[in-house]
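In what follows, a single structure is set out as structure tokens and then discussed.
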Amino acid sequence: MSPAEGAGPTIVWFRDDLRLADNPALHAAVERGLPIVAVYVLDEESPGVRPLGGASRWWLHGSLRALGDSLEALGGSLLLRRGPAADVIGALAASVGAGAVFWNRRYGAAEREVDTVIKTALHADGVEARSFAGSLLFEPWTIRTGQGNPYSVFTPFWRACVAGPPPREPYPAPMAIDGWPGAVPSDRLDDWGLLPTHPDWAAGLRAAWQPGEAVAAKALETFLRESLARYADERDAPAQAATSRLSPRLRWGEVSPFQVWHATQRVLRGADAATASSAQRFLTELGWREFSYHVLFHAPELATSNLKREFDRFPWPPLDDRVLNAWQQGRTGIPLVDAGMRELWQTGSMHNRVRMVTASFLTKNLLVDWRVGEQWFWDTLVDADGASNPFGWQWVAGSGADAAPYFRVFNPELQAARFDPHGEYIREYVPEIGTDAYPAPLVDLGETRRAALAAYEQVKAAK
Ligand code: FAD
Numbered sequence: 285m286s287p288a289e290g291a292g293p294t295i296v297w298f299r300d301d302l303r304l305a306d307n308p309a310l311h312a313a314v315e316r317g318l319p320i321v322a323v324y325v326l327d328e329e330s331p332g333v334r335p336l337g338g339a340s341r342w343w344l345h346g347s348l349r350a351l352g353d354s355l356e357a358l359g360g361s362l363l364l365r366r367g368p369a370a371d372v373i374g375a376l377a378a379s380v381g382a383g384a385v386f387w388n389r390r391y392g393a394a395e396r397e398v399d400t401v402i403k404t405a406l407h408a409d410g411v412e413a414r415s416f417a418g419s420l421l422f423e424p425w426t427i428r429t430g431q432g433n434p435y436s437v438f439t440p441f442w443r444a445c446v447a448g449p450p451p452r453e454p455y456p457a458p459m460a461i462d463g464w465p466g467a468v469p470s471d472r473l474d475d476w477g478l479l480p481t482h483p484d485w486a487a488g489l490r491a492a493w494q495p496g497e498a499v500a501a502k503a504l505e506t507f508l509r510e511s512l513a514r515y516a517d518e519r520d521a522p523a524q525a526a527t528s529r530l531s532p533r534l535r536w537g538e539v540s541p542f543q544v545w546h547a548t549q550r551v552l553r554g555a556d557a558a559t560a561s562s563a564q565r566f567l568t569e570l571g572w573r574e575f576s577y578h579v580l581f582h583a584p585e586l587a588t589s590n591l592k593r594e595f596d597r598f599p600w601p602p603l604d605d606r607v608l609n610a611w612q613q614g615r616t617g618i619p620l621v622d623a624g625m626r627e628l629w630q631t632g633s634m635h636n637r638v639r640m641v642t643a644s645f646l647t648k649n650l651l652v653d654w655r656v657g658e659q660w661f662w663d664t665l666v667d668a669d670g671a672s673n674p675f676g677w678q679w680v681a682g683s684g685a686d687a688a689p690y691f692r693v694f695n696p697e698l699q700a701a702r703f704d705p706h707g708e709y710i711r712e713y714v715p716e717i718g719t720d721a722y723p724a725p726l727v728d729l730g731e732t733r734r735a736a737l738a739a740y741e742q743v744k745a746a747k
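Printed below as a string of structure tokens:
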């Protein structure tokens with residue numbers, strides 16, 4: 285052990301884990317028994333780390349505010365620093381004479397590279413550096429096929445996950461935090477400019493969401509109590525509010541998948557058959573989140589490259605801004621698509637069924653490269669993450685892991701008839717439907733479907 289180890293305070297570096305409960309890095313820091321310096325680093329400079337989208341920045345602001353308040357209530361505080369994480373963490377460790385730096389893992393390649401560099405540098409300086417599993421139930425490298433390869437198909441992946449030991453129990457939140465008493469300068473959250481001002485487009489986000497761990501815990505509890513029983517039947521109906529809406533909470537780590545898993549298991553014990561099957565279905569959706577990260581870990585270029593390389597030959601026509609704008613603004617004249625795109629713009633979210641429909645419409649009926657749509661979702665979703673977002677887009681586009689077959693072109697009219705039969709969802713976001721104010725369809729669904737299938741012939745020819 286070097287002189288620093290065992291002596292100096294512990295830095296807890298918060299990242300995608302903006303919570304006190306079930307935070308393994310924080311838990312270990314409290315166990316270590318020395319004062320704690322909690323820090324969040326806004327890193328927009330490390331190579332390859334994707335800058336956050338606008339809606340994500342809005343969420344981050346609120347979640348950091350809540351985390352800072354919770355830490356203060358327990359005797360600690362949250363330090364805010366901006367810059368390349370390697371520089372910031374290194375300088376902070378030196379300035380407080382840290383004995384250890386703890387964090388929970390991230391899974392994107394650029395982030396892992398940053399973390400590895402930092403770990404190596406800290407070790408070289410005699411500072412203990414430890415990473416923990418806090419954001420995924422199953423670490424991506426631990427789940428392997430019989431041949432030792434990563435999985436590319438969901439069902440056997442998830443079967444392998446649940447066949448192993450169950451996810452660990454969540455850690456309780458600390459009762460108190462022994463905050464580092466020294467003076468360390470912190471940025472002011474407001475100075476980071478995470479909230480939109482000119483213009484302030486976030487009114488709809490504020491109306492729809494309140495970031496923070498305490499609200500996240502309530503959301504989980506309310507979902508399990510009030511909606512879980514009907515989840516399996518109604519999860520595909522966008523007007524029903526039958527899903528958990530936990531995705532931004534999981535994205536930012538206001539709640540951990542371990543908490544969600546075990547809270548659901550508690551409901552499962554003694555549940556009637558309908559609730560039990562709903563609970564299984566819900567856990568399977570968490571499994572899709574795990575699978576997205578598994579795929580990202582093994583295919584770091586998920587947001588930029590087709591997983592099925594034959595899709596590199598797809599003949600995307602030149603991008604027509606008029607068409608893209610109509611899609612982004614929800615003015616395509618296709619009601620379910622427009623409702624979804626407006627829900628996204630107004631609330632920072634979109635129902636999963638409608639995400640599939642709007643993505644299919646963009647990539648297949650409008651023949652716009654999935655990466656263009658992925659970038660728009662990245663900028664506008666409060667739950668945008670580097671795994672589920674590109675994974676979802678590649679799944680719809682047909683180029684992804686265990687993807688929908690290309691010829692599955694979602695028909696937005698049939699989807700609306702099936703999943704929004706009374707038009708409640710559409711009317712909520714497209715109130716002018718049926719009047720002259722509503723645009724005529726931008727394209728003919730049948731014709732564009734045929735054109736998409738013809739374009740796909742080139743991909744097939746490349747196989
Ligand atoms: P619930 O139905 O309550 O599911 C519980 C949790 O399971 C979710 O909170 C989420 O963490 C996870 N989950 C559910 N479905 C999926 C799925 N298909 N893939 C991965 N995880 C899933 N999800 C994101 O979290 N971030 C994204 O950026 C994202 N982008 C998407 C883009 C496209 C084109 C598509 C088709 C899907 C995308 N999804 C994304 C997946 C899914 O739409 C959302 O997770 C879901 O709508 C969130 O609502 P919920 O929390 O009420 O889900």
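Mapping to our numbering: the sequence shown position 287 is 571, numbers consecutive. Beta carbons are placed, not taken as given, at the ideal position from N, Cα and C, and that holds for glycine. Treat the numbers as computed from the prediction; the structure is a model and nothing was measured.
Grab me the residues of Val743's own chain with a C-beta within less than 6 Å of its C-beta, minus the 5 sequence neighbours each way, in chain order.
For Val743, where only same-chain residues beyond five positions count, the Cβ hits under 6 Å are Glu594, Phe595, Arg597, Phe598.
Say the cut is 7 Å; is the CB of Ala394 nearer than that to a heavy atom of the ligand FAD?
Checking the Cβ of Ala394 against the ligand FAD gives no.
Does the ligand FAD have a heavy atom nearer than 7 Å to the CB of Leu570?
Checking the Cβ of Leu570 against the ligand FAD gives yes.
The alpha helix (DSSP H) with Tyr324 in it runs from where to where?
Note, Tyr324: premise wrong, no alpha helix (DSSP H); beta strand (DSSP E) at 320-326.
How many Å lie between Arg533 and Thr404 at the Cα?
Approximately 31 Å, taken between the alpha carbons.
What do you reckon, is the C-beta of Ala796 under 7 Å from a heavy atom of the ligand FAD?
No answer is possible for residue 796: the residues shown for the chain start at 285 and end at 747.
If you reduce the DSSP assignment to three classes, tell me which class Trp493 lands in.
In this structure, Trp493 counts as coil in the three-state DSSP scheme.
Quick check: is any heavy atom of the ligand FAD less than 7 Å from the C-beta of Met640?
At least one heavy atom of the ligand FAD is nearer than 7 Å to the Cβ of Met640, so yes.
Would you check if the segment 314-331 and the segment 432-451 touch, i.e. whether three or more CB-CB distances between them fall below 8 Å?
Per the Cβ contact rule, the segment 432-451 is not in contact with the segment 314-331 (fewer than 3 Cβ pairs under 8 Å).
His546 Cβ short of 7 Å to the ligand FAD heavy atom set
Relative to the ligand FAD, even the nearest heavy atom lies 7 Å or more away from the CB of His546.
What do you get for Gln613, buried or exposed, if any count of 16 or more other CB atoms within 10 angstroms of its CB means buried?
Gln613 is exposed by the Cβ-count criterion.
Out of Ser683, Ala375, Asp306, which has the shortest C-alpha to C-alpha gap to Ser644?
Relative to the Cα of Ser644, the nearest Cα in the group Ser683, Ala375, Asp306 belongs to Ser683.
Report yes or no: do three or more beta-carbon pairs, one from the segment 315-327 and one from the segment 296-303, lie closer than 8 Å?
The segment 315-327 vs the segment 296-303: in contact.
Beta strand (DSSP E) segments (min. 3 residues) lying fully within the segment 405-455:
For the segment 405-455, whole beta strand (DSSP E) runs of length 3 or above, ordered along the chain, are 412-416.
Buried or exposed (CB count within 10 angstroms, at least 16 for buried), Val638:
Val638 is buried by the Cβ-count criterion.
Looking at the structure shown, is Ala350 part of a helix, part of a strand, or coil, going by DSSP?
The answer is helix: DSSP assigns Ala350 an H, G or I state.
Closer than 8 Å is the cut-off here; do at least three beta carbon pairs connect the segment 653-663 with the segment 550-561?
Because the criterion of three Cβ pairs below 8 Å is not met, the segment 653-663 and the segment 550-561 do not touch.
Ala384 by DSSP, collapsed to three states: which one?
DSSP places Ala384 in strand when its eight states are reduced to three.
Sequence ranges, alpha helix (DSSP H) only - wholly within the segment 561-634, length at least 4:
Here the runs fully enclosed are 605-613, 619-631.
Is Ala322 close to chain C? Criterion is C-beta to C-beta, closer than 8 Å.
In summary, chain C is missing from the structure at hand, where a single protein chain is found.
Range of the contiguous alpha helix (DSSP H) that encloses Ile270:
Since the first residue shown for the chain is 285 and the last is 747, residue 270 is missing from the structure and cannot be characterised.
Locate the alpha helix (DSSP H) running through Arg535, then write down its first and last residues.
Counting along the chain, the alpha helix (DSSP H) containing Arg535 begins and ends at 531-536.
Taking all protein chains shown into account, decide if His311 is buried (16 or more other Cβ within 10 angstroms of its Cβ) or exposed.
Around the beta-carbon of His311, 16 or more other beta-carbon atoms lie within 10 Å, marking it buried.
Per-residue DSSP class, three states only, for Phe691:
Note: Phe691 maps to coil in three-state DSSP.
Three CB pairs or more closer than 8 Å across the segment 528-548 and the segment 710-726
Contact fails: fewer than three Cβ-Cβ distances are below 8 Å.
Suppose contacts are defined by Cβ-Cβ distances below 8 Å. Is Ala486 in contact with Trp342 by that definition?
Closer than 8 Å, so yes.
Bridge-paired residues (DSSP) for Gly463
Paired residue(s): Ile320.
Might you give, ordered along the chain, the residues of its own chain that have their beta carbon closer than 6 Å to the beta carbon of Ala393, omitting 5 neighbours on each side?
So the qualifying residues of the chain are Pro584.
On the CB-based measure, 16 or more other CB atoms within 10 Å of its CB, does Gly448 come out buried or exposed?
Label assigned to Gly448: exposed.
Quick check: the Cα distance between Ala288 and Gly383, rounded to an integer number of angstroms?
Model confidence at Ala288 stands at a pLDDT of 46, short of 50, so the residue's coordinates are unreliable and nothing is read from them.
Mind checking whether Ala378 and Ala668 have CB atoms under 8 Å apart?
No, Cβ-Cβ distance for Ala378 and Ala668 is not below 8 Å.
Given a threshold of 16 other Cβ atoms within 10 Å of its Cβ, counted over all protein chains shown, does Val411 qualify as buried or as exposed?
Looking at its Cβ environment, which holds 16 or more other Cβ atoms inside 10 Å, Val411 is buried.
For a test of your reading of the model: does the CB of Val652 fall under 7 Å from any non-hydrogen atom of the ligand FAD? Yes or no.
The answer is no for Val652.
contact_flag[the segment 467-481, the segment 348-367] where n(CB pairs < 8 Å) is 3 or more:
They touch, by the three-pair rule.
Do the segment 646-656 and the segment 721-741 make contact, defined as three or more Cβ pairs closer than 8 Å?
Here the segment 646-656 makes contact with the segment 721-741; the two share three or more CB pairs at distances below 8 Å.
When Ala460, Trp536, Ile618, Asp520 are compared against Ala357, the one with the closest alpha-carbon:
Checking every option, the nearest Cα to that of Ala357 belongs to Ala460.
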